[in-house]
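**Student:** Got a structure here, written out as structure tokens. Questions coming.
In the working numbering, the protein residues as written are 83 to 262.
Have a look at this one:
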């Protein structure tokens with residue numbers, strides 16, 4: 083289980099590792115522990131420390147290239163240029179809603195080609211109808227992004243957010259992979 087957040091040298095989230103790997107990186111002097119879990123103590127004859135929850139790398143470590151761009155709120159917003167795909171209004175982050183073109187109530191899946199960014203008004207207007215039934219038209223056809231598109235270079239797979247990661251929540255929330 084990967085339960086330690088890894089930050090790059092600038093303090094941005096990069097990946098997750100097991101606590102064992104985090105301790106190993108610290109022991110090798112390749113990382114510094116930023117946040118520990120005080121309730122879970124690791125003990126050995128020579129030292130005692132809290133379970134590492136956030137570590138910061140001392141130098142850059144290359145990452146594996148993923149085969150697909152993760153389907154996250156952030157990546158959908160990037161693909162759709164932060165604008166409503168029905169009316170074209172440029173949206174602020176707090177105004178984002180994700181809309182299923184074919185509603186889930188009608189068997190629509192959470193896949194790249196069925197999800198678009200929509201403003202609250204258009205999403206309410208569409209409700210559980212298809213766009214033509216609601217009198218709406220998509221401004222562009224939703225597609226799965228190419229893995230080599232530089233706009234999608236932040237690749238972090240997250241299932242759940244830990245309380246110790248609250249300082250990094252702004253980066254992490256928009257990168258939680260959506261349920262399929």
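Just so it is clear, CB atoms sit at the ideal spot from N, CA and C, and this is done for glycine as well.
1. With contact counted as at least three CB pairs below 8 Å, one residue from each stretch, are the stretch 130-142 and the stretch 84-104 in contact?
2. Write down every uninterrupted run of the alpha helix (DSSP H) in the stretch 172-252 whose length is 4 residues or greater and which is fully enclosed by it, in chain order.
3. From which residue to which residue does the alpha helix (DSSP H) around residue 105 run?
4. Would you call the CB atoms of residue 246 and residue 90 closer than 8 Å?
5. Hey, out of 207, 178, 112, 105, whose CA is closest to residue 129's CA?
6. What distance in whole Å lies between the Cβ atoms of residue 226 and residue 194, which are believed to be in contact at a cut-off of 8 Å?
7. Report the rounded CA-to-CA distance for residue 211 versus residue 185, giving the unit in angstroms.
8. Would you tell me roughly how many angstroms separate the C-alpha atoms of residue 147 and residue 162, rounded to the nearest one?
9. Can you give me the C-alpha to C-alpha distance between residue 99 and residue 160, rounded to a whole angstrom?
10. What are the boundary residues of the beta strand (DSSP E) that residue 161 is part of?
11. For residue 208 versus residue 181, is the C-beta spacing smaller than 8 Å?
12. Given residue 187, which residues of its chain have a CB within under 7 Å of its CB, disregarding the five upstream and five downstream residues?
13. Per DSSP, residue 130 is paired with what?
14. Kindly list the residues whose CB is nearer than 8 Å to the CB of residue 113, restricted to its own chain and excluding five residues on each side of it in sequence; keep chain order.
15. Under 8 Å Cβ to Cβ from residue 201, same chain only, skipping five residues before and after it: list those, please.
16. Drop a sphere of 10 angstroms on the beta-carbon of residue 154, count the other beta-carbons inside from all chains shown, and report buried for 16 or more, exposed for fewer.
17. Could you give the distance in angstroms between the alpha-carbon of residue 158 and the alpha-carbon of residue 189?
18. Considering just the uninterrupted stretch of the beta strand (DSSP E) at residue 151, what are its terminal residues?
**Tutor:** Once the coordinates are examined:
1. yes
2. 202-208, 213-216
3. 101-109
4. no
5. 105
6. 4 Å
7. 7 Å
8. Low confidence applies to residue 147: its pLDDT is 48, below 50, so where it sits in the model is not reliable, and the reading given next is rough at best. Each residue's Cα considered, the two are about 23 Å apart.
9. 27 Å
10. Taken as a continuous stretch (DSSP letters only), residue 161 belongs to no beta strand (DSSP E), being part of the alpha helix (DSSP H) at 155-161.
11. yes
12. 210
13. 125
14. 88, 104, 107, 137, 138, 139, 140
15. 166, 168, 169, 171, 173, 177, 179
16. buried
17. 20 Å
18. Residue 151 -> no beta strand (DSSP E), and no H or E assigned at all.
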